[in-house]
Amino acid sequence: MRSGSDAAELDAVTIDAFGTLLELVDPAPALAGALRERGLERDPESIARAFTAEVAYYIPRSHEGRDAESLAALRRECASVFLAELGVELEPGEFAPAFVGALEFRVADGALSALDALRSAGFVLACVANWDVSLGERLGAAGLADRFVELALARLGTKPARTVHVGDGEADREGARAAGLAFEPVPLATLPERLGLE
43 MRSGSDAAEL DAVTIDAFGT LLELVDPAPA LAGALRERGL ERDPESIARA
93 FTAEVAYYIP RSHEGRDAES LAALRRECAS VFLAELGVEL EPGEFAPAFV
143 GALEFRVADG ALSALDALRS AGFVLACVAN WDVSLGERLG AAGLADRFVE
193 LALARLGTKP ARTVHVGDGE ADREGARAAG LAFEPVPLAT LPERLGLE
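Here the sequence shown is numbered in our numbering, starting from 43 and rising by one per residue.
As structure tokens, then:
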């Protein structure tokens, strides 16, 4: 199925991280384990509800984690939201490392082959995401750090009109439009086919 974007008119592909390139592995079991290590038991539904509250807090503030110090503060705040939602009285600063450690990401199905196909076709790739400063670590942990040019669009050597952004949400679509980029929705796995590369 072809998309509205034409590979012949493109030089670069920017890719959203969370929900497009990386997917979160269910953190509830690891969070339950972290709580148990501290002598606390909570049911999976309560943990899921508390995690949902933390995500709602984190997403609009992710940009606040711009360096090591501000990232540590953001992580403490997120742990505090999670713990408060559970009704648990633990020190957020003590729990934050366990909370963050419970967040494991995996490469989205088909993403690696899509990246390889795009690179083989000569596209410059960049991961452009509304994530905190730990994005580079997350890409490295997933084995993806070497697949991207870690530069902003202006440094990619391409014009916005010759770039397509792939994302999973309305914020990605709006961001692409505001930057003058074409937009393609997930899944990343089918982008090469949609661009007519396969």
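For glycine and all other residues, C-beta sits at the position ideal for the given N, C-alpha and C.
Could you name the residues of the same chain whose beta carbon sits closer than 6 Å to that of residue i, not counting the 5 residues immediately before and after it, in chain order?
{"i": "arginine 52", "result": "Reading off the sequence, residue 52 comes out as leucine, not arginine. So the qualifying residues of the chain are Arg204 and Val206."}
{"i": "arginine 180", "result": "Phe147"}
{"i": "valine 67", "result": "Glu146 and Arg148"}
{"i": "proline 229", "result": "none"}
{"i": "aspartate 214", "result": "Asp58"}
Given residue i, which residues of its chain have a CB within under 8 Å of its CB, disregarding the five upstream and five downstream residues?
{"i": "isoleucine 89", "result": "Ala70, Leu73, Ala74, Leu77 and Leu128"}
{"i": "serine 47", "result": "Val206, Ala224, Glu226, Arg236 and Leu237"}
{"i": "proline 134", "result": "Arg118, Glu119, Ala121, Ser122 and Leu125"}
Note down, in chain order, each residue of its chain lying with its Cβ closer than 7 Å to the Cβ of residue i, except the 5 sequence neighbours on either side.
{"i": "valine 175", "result": "Gly107, Arg108, Asp109 and Leu113"}
{"i": "leucine 132", "result": "Arg80 and Leu125"}
{"i": "glutamate 65", "result": "Phe147, Arg148 and Ala150"}
{"i": "leucine 198", "result": "Ala54, Val166, Ala168 and Val191"}
Quick one: using the 10 Å Cβ neighbour count with 16 as the cut-off for buried, is residue i buried or exposed?
{"i": "glycine 164", "result": "exposed"}
{"i": "glutamate 226", "result": "buried"}
{"i": "serine 122", "result": "buried"}
{"i": "arginine 236", "result": "buried"}
{"i": "arginine 117", "result": "buried"}
{"i": "glycine 222", "result": "exposed"}
{"i": "threonine 62", "result": "buried"}
{"i": "glycine 178", "result": "exposed"}
{"i": "alanine 98", "result": "exposed"}
{"i": "aspartate 158", "result": "exposed"}
Based on the DSSP output, what are the partners of residue i in its beta bridges?
{"i": "glycine 209", "result": "Pro227"}
Discussion item. I'd like the ranges of any beta strand (DSSP E) spanning at least 3 consecutive residues and lying wholly in the region 140–176.
Written reply: Qualifying beta strand (DSSP E) stretches, in chain order: 147–149 and 166–169.
Worksheet item: Contact between the region 128–139 and the region 79–93: three or more CB pairs below 8 Å?
Response: Yes, they touch.
Worksheet item: What are the start and end residues of each continuous alpha helix (DSSP H) run of 4 or more residues lying completely inside the region 51–88, in chain order?
Response: Runs found: 70–79.
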